[in-house]
Every structure is written in C-alpha cells, then in structure tokens.
Amino acid sequence: MTPALPPLGVGVVGFGWMGQVHSRAYVRLPHHYPDLPLQPRLVAVADTDAGRRAQATAMYGYAEAVDDWRALVAHPHVDVVSVAGPNFVHRDVAVAAAEAGKHVWVEKPVGRHLADTRAVVEAVRAAGVRSAVGFNYRNVPAVDLARRLVSDGRLGTVETVTVRLFSDYAAHPDGALSWRFDPEFAGTGVIGDLASHGLDLARHIVGESAGDISELVADSATFIPERPEPQPGAGSHYATATGGRTGPVGNEDHVSALLRFAGGARGVLESSRVAVGEQCTYGIEVHGDRGALAWDFRRMGELRVADDGAYIDAAWRTVFAGPGAGDFAVFQPGAGLAMGYDDLKVVEAERLVRSIAEDRPIGATVEDALAAATAADALVRSAAERRWVEV
Ligand SMILES: NC(=O)c1ccc[n+]([C@@H]2O[C@H](COP(=O)([O-])OP(=O)(O)OC[C@H]3O[C@@H](n4cnc5c(N)ncnc54)[C@H](O)[C@@H]3O)[C@@H](O)[C@H]2O)c1
56 MTPALPPLGV
66 GVVGFGWMGQ
76 VHSRAYVRLP
86 HHYPDLPLQP
96 RLVAVADTDA
106 GRRAQATAMY
116 GYAEAVDDWR
126 ALVAHPHVDV
136 VSVAGPNFVH
146 RDVAVAAAEA
156 GKHVWVEKPV
166 GRHLADTRAV
176 VEAVRAAGVR
186 SAVGFNYRNV
196 PAVDLARRLV
206 SDGRLGTVET
216 VTVRLFSDYA
226 AHPDGALSWR
236 FDPEFAGTGV
246 IGDLASHGLD
256 LARHIVGESA
266 GDISELVADS
276 ATFIPERPEP
286 QPGAGSHYAT
296 ATGGRTGPVG
306 NEDHVSALLR
316 FAGGARGVLE
326 SSRVAVGEQC
336 TYGIEVHGDR
346 GALAWDFRRM
356 GELRVADDGA
366 YIDAAWRTVF
376 AGPGAGDFAV
386 FQPGAGLAMG
396 YDDLKVVEAE
406 RLVRSIAEDR
416 PIGATVEDAL
426 AAATAADALV
436 RSAAERRWVE
446 V
C-alpha cells in the first residue's frame, strides 16, 4: 500500500466566486498532479455570509465554517490560507496569516493599493512563508508558448506590446453598487480589477527580453458615475439592482495608457469594465522586428503567430496549444481540446503546493503582485497628474 502523503490543511477566506474556484482547484490537484508530495485537505472557510458558509460545509465538505477570519488563521490544522475576499480584506488576512507562519494564496490585486501590497510582501518575506497570486492568465498553455517564442528571439527584438482587457460586467447602468465600486473596499476600479492582469501578462511574456515597464502616461474615466445600491444578498460581479437609492461610483471604469519598457519597447494598455459587446475580451499582441504574436482569452487554446521571416505581407498561422505547452498535458491528451478557466487555478494551486514542498518560489508570487501594483500605482499617479511618470 502507498503510504499516505503528508496533509496540507487549507483555509479559504471569502467563499464567493474565487473562494469556490480555489477550493475546487485544491480538490482537483491530485487528479491532475498525482505526484505532488502533499495532500491538500479542506479544513476551514471564513465568510461573513451565513449562506456561503452553509454552502462550504454542505457542498464542498469543509470541516468548519466561521464568520471571523481570525479564527481560521489561528486554526492549528490550517497550513495555507487562500485570501479570496474583497480587496479590502487582502492585507489584514494575508499579513496575519504570514505572521502566523501560514503560506498564502492571495487573489489579485493583493490589496487596494500599493501600500497594501507592500505590507503583504514584507510580511511574507519576514515570515519566510511561500505565496501565490491569482495572475491565472500566466498559466494558459498558449501564453507559455508566447513567452517562449519571445524569449527564444523568434519575433526578433520586441518593438510594441498591446494589452487590452475589456469587459461588460459593469456596463449595465443598473449594475449594482457592490464593493468593487467603492475605493474604501476595492481601492482602484478597473485598474486593480482587470488592468493588473494585463500588467502582469505583459511582464510575464516580454519581461525577460524587453524589461519591465519603466515609464507611462495614463488617462482614466468613470463613465457611469451613479449606481443603484445592491439588493441584500446579491452577488457582486454581474448583479443588477433596479429602483431604490443610488450612490456614487468612487473609482474608474476605464483606463488607457502609453507604456515604455526598460529595453526600449513601447506599449499600449487599455482596460474597461463598462465596454458594451465585450465579454472577457482579454488579450495581448506583441510585435518584434521580425515577427508578431497575438493571444485572446476567449480562444484560450489558440496562439496566432506571424514568424515566416517575411517582413512585409507576413502570413499568420494559428497554433493550437497541446502537450508540451505549459501544463496542457495534465488536462488533455491532444492539441485543440479545450481547457477552461478553472483549470488555470488548478495550475496555480500546483505551483503553490510544489513551492511549499520545495521551499522555493514557483509561479506568480506576491513579488509579482508588487511589480504589478507598482505599475498600477503609476497609472493612478499619471492619470491624476496628467503627465508621464516613472514606474
Ligand atoms: N484571478 C481572477 O481572475 C479573479 C476573478 C475574480 C475575482 N478575483 C479577485 O478575487 C477576490 C474576490 O472576488 P470575488 O469575485 O470572488 O468576490 P465575491 O464578491 O464573489 O466574493 C467575496 C466573498 O467574500 C466574503 N466576504 C466579504 N467580507 C469578508 C470578510 N471580512 N471576511 C470573510 N469573508 C468576507 C463575501 O461574503 C463573499 O462571499 C477579489 O479580490 C477579486 O479581485 C480574481
């Protein structure tokens, strides 16, 4: 008989969309990665909503569900804490967990603003615990192919990077005034929510060859300045509310920016949460002096590449990610079979668990969140001051 693996006790704070995706990822880990040296066990959930707590125990089999995250952090059988509540809880929970010697998996953007992210990073460094951050688009196999093409020089020297993250989740004027629209609870609006993913994706794909974003100039706008207050118990992201009182939206719906990379490349970043007709239109295009690539999340398994060596009239080909690209092979046996969003979180969980077992950083960590938060902070400063700023 195979000896039982050492258990890794999991605690999840915030059992909304992300808390549930993290939980499913832990459950699925042994199915996809049977050789992992630790066996995650769902120990406890903390959520202020009683319905969510009931769901956690009844449907996910959590042994305990508490309303105060402090009890979860102090739980002797919790070894790793998923910080999946709204942005305003990230800092307090992640710092307390690290100080208690627990590893952390913190959702992006890791706090409301740069100071929150820094506090989390300092606590993780001081405690010597391992961390993961929810920059899940890094885990897409086609993105792995893109990164390798750029790093191998197949596109030549990177000249331009275009990142666009457009969503319609807040496009309805009756979109409820959830925590996402309140700076006290969310910090920034679309900058932390979507642009943070784009900043990380650009750095992940071209950082090795083009360097980090060193300077930028940004503009931002709030197109829907008032929204109706939510109905009790309404989910946050896509929920609408009609009638009743309205309140002010306190952060930006849209941001656009010109970017300069340390190595000389130029970039354009644009992100909106109120873009009618756009559902998860998240993508990146990279143009080098000899080739180009394009990736779009809605066709996650495809990478478009123009690398036939022709400078003019170069032809595009579409590569379907398959075994050999990232972790594709642990999910599907052949190219063209579709992976899903939740699979990206399974990869993220694997990176974290292996990094705990091997006591070294693997995958996106809070240090990567700090890089994205530093660039996000520059977006905010530039838009406020209406000028180019250093990152
Ligand atoms: N990586 C990604 O692609 C991605 C996608 C969506 C959300 N997120 C991030 O995940 C986080 C959560 O977003 P979501 O969409 O799951 O939100 P959500 O509103 O669906 O869920 C948040 C949950 O936290 C609970 N909560 C609120 N205050 C709490 C507290 N003090 N203690 C414990 N629980 C508390 C709420 O009751 C709710 O169940 C955000 O930081 C968001 O930026 C990341």
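Numbering (the numbering used here), first residue to last: 56 to 446.
Heads up, the beta-carbon is just placed ideally off N, CA and C, and yes, glycines get one too.
Since the structure is predicted, the reported quantities are computational estimates derived from the model, not experimental observations.
Nearest neighbour of L399 by Cα position, chosen from A178, P196, V128 and F221, turns out to be P196. For P164, the CB falls within less than 7 angstroms of some heavy atom of ligand 1.
In the DSSP assignment, D432 falls within the unbroken alpha helix (DSSP H) covering V421 to E440. With a threshold of 16 other beta carbon atoms within 10 Å, A347 meets it and is buried. For P85, the enclosing alpha helix (DSSP H) has its first and last residue at W72 to H87. For F386, there is no enclosing beta strand (DSSP E), since its DSSP letter is neither H nor E. Note on the segment 207–293: whole alpha helix (DSSP H) runs with a minimum of 4 residues are 238–241 and 251–265, in chain order. In the three-state DSSP reduction, P95 falls in the strand class (E or B).
When the beta-carbon positions are compared, W160 and V68 stay at least 8 angstroms from each other. Contact annotation: D432 and R328 have beta-carbon atoms that are not nearer than 8 angstroms. Beta-bridge analysis with DSSP links Y337 to L220.
Not one heavy atom of ligand 1 lies closer than 7 angstroms to the C-beta of P238.
For G106, the enclosing alpha helix (DSSP H) stretches over residues A105 to Y115. A120: member of the beta strand (DSSP E) spanning E119 to V121, first to last residue. Between ligand 1 and the CB of F221, the shortest heavy atom gap is not smaller than 7 angstroms. Between R219 and T301 the beta-carbon gap is near 30 angstroms, outside 8 angstroms, which marks them as no contact. For G343, the closest of D267, H252, P280 and E214 by C-alpha to C-alpha distance is E214. Taking all protein chains in view, the Cβ of I367 is surrounded by fewer than 16 other Cβ atoms within 10 Å, so the residue is classified as exposed.
Contact check for F375 against A390 passes: the beta carbons are separated by less than 8 angstroms.
In this structure, DSSP gives T295 an extended state, which the three-state scheme calls strand.
Around V150, the same chain offers A174, V175 and A178 as residues with beta carbons nearer than 7 angstroms, after the five sequence neighbours per side are excluded. A distance criterion of 7 angstroms places the beta-carbon of G140 in contact range of ligand 1, judged by its closest non-hydrogen atom.
Distances taken from the Cβ of F70 to the heavy atoms of ligand 1 include one shorter than 7 angstroms. Of G395, A181, D223 and V435, the smallest CA-CA separation from E307 is found for V435.
The closest heavy atom of ligand 1 lies less than 7 angstroms from the beta carbon of A101.
Minimum Cα-Cα distance from V188 among the listed residues W443, R353, G156 and V138 corresponds to V138. In the assembly as shown, D414 is an exposed residue. Its beta-carbon has fewer than 16 other beta-carbons within 10 Å. Beyond the five residues adjoining it in sequence on each side, A201 comes within less than 8 angstroms, by CB distance, of I260, I339, V341, L348, W350 and L358 in the same chain, given in chain order.
Across the structure, R345 and A113 are spaced so that their CA atoms are roughly 56 angstroms apart. DSSP places H132 in no alpha helix (DSSP H); its state is neither H nor E.
A straight-line Cα-Cα distance of about 26 angstroms links R258 and A153. Partner residues in the beta bridge of S326, as assigned by DSSP, are L220 and V310. In the three-state reduction of the DSSP assignment, E177 falls in the helix class, which pools H, G and I.
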